[in-house]
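Just add 1119 to the spot in the sequence shown (first one is 1) and you have my numbering. Ideal Cβ positions, reconstructed from N, Cα and C, are used throughout, including at glycine. If you're wondering where the values come from, they're calculated on a predicted model, not measured in any experiment. A short worksheet on the structure shown next.
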Amino acid sequence: MKKKNQFRKRRIIVTIVIITIVTIVYYQIDYKRHFISNNNNTEFITIWQRIGNDCYIVPGKYYWIFAPKDNFIKTVNYRNYIGIVWNTEDKYSYKISIYNKFKVIDLETDICVYSSNDSLLLEYQILESLDIQRGKRIKNPKADSLKRVYDYDYVDLNRIYGIKVHDYK
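Okay, structure coming up:
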């Protein structure tokens, strides 16, 4: 009887240790998310970098352990950057520009997505002109910083562990 109880206790302890290790490994490899917010922390997006070079950009804070089914942007981590304008001064809650390929899945209509940061910079007159064929971008000398005027974040997704939010003043 005593051996049976010891065996049961040992099995419970081993099970708890295995579950703990699996949870920690899952969190480190696939679960970690990054929440980016505007200056006054009223709007959020979740950036979830997953195994296999998949990256989900979801409005708000997303905690569910499974990939979203709607209201998200799917892109890649490798060689990818996004720009976010929080204070759009128009009908959109915020605008996102994505450097690399992406797919929009049933995204809310008050979010605008651009296929390049240059388009966003042209719209806000940070760039005076753009010649894609020659690779020339001419900055508007009268333009003020996007960060200062429109609450802008530039996020580097091209990191092995996590992201980097650049603070351009």
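For Thr1228, is the classification buried or exposed, using 16 other Cβ atoms within 10 angstroms of its Cβ as the cut-off for buried? Exposed.
Grab me the residues of His1153's own chain with a C-beta within less than 6 Å of its C-beta, minus the 5 sequence neighbours each way, in chain order. Cβ-Cβ distances below 6 Å link His1153 to Ile1166, Ile1282 in the same chain, with the five nearest sequence neighbours on each side left out; the list follows chain order.
Nearest to Thr1207 (by Cα), restricted to the options Ile1192, Asn1157, Lys1193: Looking at the Cα atoms, Asn1157 is the closest of the given residues.
Reference Ala1186; option with closest CA among Asn1196, Asp1173, Val1268: Residue Asp1173 is the option with its Cα nearest to Ala1186.
May I ask you to report which of helix, strand or coil DSSP gives Tyr1233? Of the three classes helix, strand and coil, the one that applies to Tyr1233 here is strand, per DSSP.
Could you check the C-alpha separation between Ser1248 and Lys1266 for me, to the nearest Å? If you draw a straight line from the Cα of Ser1248 to the Cα of Lys1266, it comes to about 20 Å.
Just the C-alpha distance for Lys1180 and Phe1163, rounded to the nearest angstrom, thanks. When rounded, the distance between both Cα atoms is 6 Å.
Should Pro1260 be labelled buried (16 or more other beta-carbon atoms within 10 Å of its own) or exposed? Result: exposed.
Could you have a look at Ser1238 and say whether DSSP puts it in helix, strand or coil? Reduced to three states, the DSSP call for Ser1238 is helix.
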